[in-house]
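Take a look at the structure set out below.
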Amino acid sequence: MKTSERELIWSLKERLCEVAIRTMELGFNIGSAGNVSVRIPEKEEVLITPSQVDYDQITPYQIVHIDFETKQLDGDWTPSSEKMMHTAVYKARPDVQAIIHMHSRYASVLSSTGNGIRPLLEEMIMSLGGEIQLAKFSKVGSKELGDNAVEALGTRKAVLLTNHGALVCGKSLEEVLRLAQVVEEHAELYYLALSLGKSKISEIPEEAQKYHKMIYDAFNRVKREKKPKKSDKNQVKSERM
Numbered sequence: 000m001k002t003s004e005r006e007l008i009w010s011l012k013e014r015l016c017e018v019a020i021r022t023m024e025l026g027f028n029i030g031s032a033g034n035v036s037v038r039i040p041e042k043e044e045v046l047i048t049p050s051q052v053d054y055d056q057i058t059p060y061q062i063v064h065i066d067f068e069t070k071q072l073d074g075d076w077t078p079s080s081e082k083m084m085h086t087a088v089y090k091a092r093p094d095v096q097a098i099i100h101m102h103s104r105y106a107s108v109l110s111s112t113g114n115g116i117r118p119l120l121e122e123m124i125m126s127l128g129g130e131i132q133l134a135k136f137s138k139v140g141s142k143e144l145g146d147n148a149v150e151a152l153g154t155r156k157a158v159l160l161t162n163h164g165a166l167v168c169g170k171s172l173e174e175v176l177r178l179a180q181v182v183e184e185h186a187e188l189y190y191l192a193l194s195l196g197k198s199k200i201s202e203i204p205e206e207a208q209k210y211h212k213m214i215y216d217a218f219n220r221v222k223r224e225k226k227p228k229k230s231d232k233n234q235v236k237s238e239r240m
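In numbering that gives the first Met the number 0, the protein residues as written are 0 to 240.
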């Protein structure tokens with residue numbers, strides 16, 4: 000590994016620790032709950048927080064380096080049990096550079112009561128891409144958790160995980176931390192609105208939602224990696240024969 004690459008990775012590890020600590024300070028995660036990761040630029044590799052390390056004690060030396068198949072490339076600590084969820088999102092969304100999984104209060108309440116988060120304010124559509132959908136329940140650390148998160152996430156920047164809080168993604172560690180705060184703010188607003196009764200909620204008109212989604216798409220240019228069709232797989236096999 001070249002010196003410049005080592006310096007880049009070390010810098011990312013330092014910033015990753017700062018963001019992880021900030022999620023604890025904001026009350027989004029307690030102890031070692033939740034996880035944070037960042038993509039290494041131009042590589043199919045990720046830096047991710049370790050398992051069972053409280054964020055008030057975390058250091059760059061404890062950050063784990065893995066590839067997209069979750070193989071550990073560097074680090075003496077065990078990577079987060081949610082590593083497959085993180086890598087699933089990075090594979091599906093080349094635009095995503097950083098991820099926060101959090102157990103914040105209001106997002107967790109909504110994720111445990113069968114609710115996604117409808118956009119009450121236009122800011123949510125422009126920042127996150129629209130309604131925050133609820134992914135199907137999956138066991139912690141399972142491949143299905145990642146698959147279900149990717150499906151419900153679509154081209155947006157946040158998803159609720161049934162009985163498991165929220166996952167937020169962004170173009171950088173700085174952006175994903177800001178968006179995590181946006182998610183929790185809108186989760187609280189939606190929770191309070193629901194307490195008044197769904198009939199009291201005033202939906203943003205459909206045309207306005209489409210307009211703000213257009214703005215989001217223009218600024219984010221989100222593309223999802225397409226899974227090869229069966230016919231494509233057969234074509235590949237025939238070419239190899």
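No residue lacks a Cβ here, since even glycine has one placed at the ideal position from N, Cα and C.
Reduced DSSP secondary structure (H/G/I, E/B, other) of residue i
i	result
Asp73	strand
Val52	coil
His64	strand
Ile124	helix
Ala217	helix
Leu191	helix
Leu7	helix
Glu184	helix
Ala32	coil
Leu25	coil
Proximity below 8 Å, CB of residue i to CB of residue j
i	j	result
Leu133	Lys156	no
Ala165	Val149	no
Leu46	Leu11	yes
Ile65	Pro78	yes
Tyr189	Met125	no
Phe27	Met101	yes
Leu72	Gln180	no
Ser110	Leu172	no
Thr69	Thr86	yes
Gly169	Met84	no
Identity of the residues DSSP links to residue i by a beta bridge
i	result
Arg38	Val45
Pro78	Pro49
Gly169	Ala97
Val88	Its beta-bridge partners do not exist; DSSP assigns none.
Leu15	Answer by DSSP bridge pairing: none, since Leu15 is not bridged.
Alpha-carbon to alpha-carbon, residue j and residue i
i	j	result
Gly140	Leu178	23 Å
Met213	Trp76	43 Å
Met123	His185	7 Å
Arg104	Leu119	19 Å
Glu130	Glu206	15 Å
Gly113	Asn162	9 Å
Asn233	Val95	Low confidence applies to Asn233: its pLDDT is 48, below 50, so where it sits in the model is not reliable, and the reading given next is rough at best. When rounded, the distance between both Cα atoms is 30 Å.
Ala19	Ala97	12 Å
Ile197	Thr2	Note that residue 197 is Lys in the sequence shown, not Ile. If you take the alpha carbons of Lys197 and Thr2, they lie about 57 Å apart.
Lys236	Lys142	In this prediction, Lys236 has a pLDDT of 40, which is less than 50 and means its spatial position is unreliable; nothing more can be read from the coordinates.
Gln208	Glu121	7 Å
Ser31	Asp53	4 Å
Leu195	Val167	27 Å
Arg220	Glu41	18 Å
Ile99	Arg14	13 Å
Trp246	Ala91	Residue 246 cannot be examined here, being either before or after the span of the chain that is shown, 0 to 240.
Leu152	Tyr89	12 Å
Lys199	Leu191	11 Å
Cutoff 8 Å: residue i Cβ touching any chain D Cβ
i	result
Ala97	As a matter of chain content, chain D is missing from the structure shown, which is built from one protein chain.
Legend entry - Length at least 4, wholly inside the stretch 106–152: the alpha helix (DSSP H) runs in chain order: The qualifying runs are 121–127 and 142–152.
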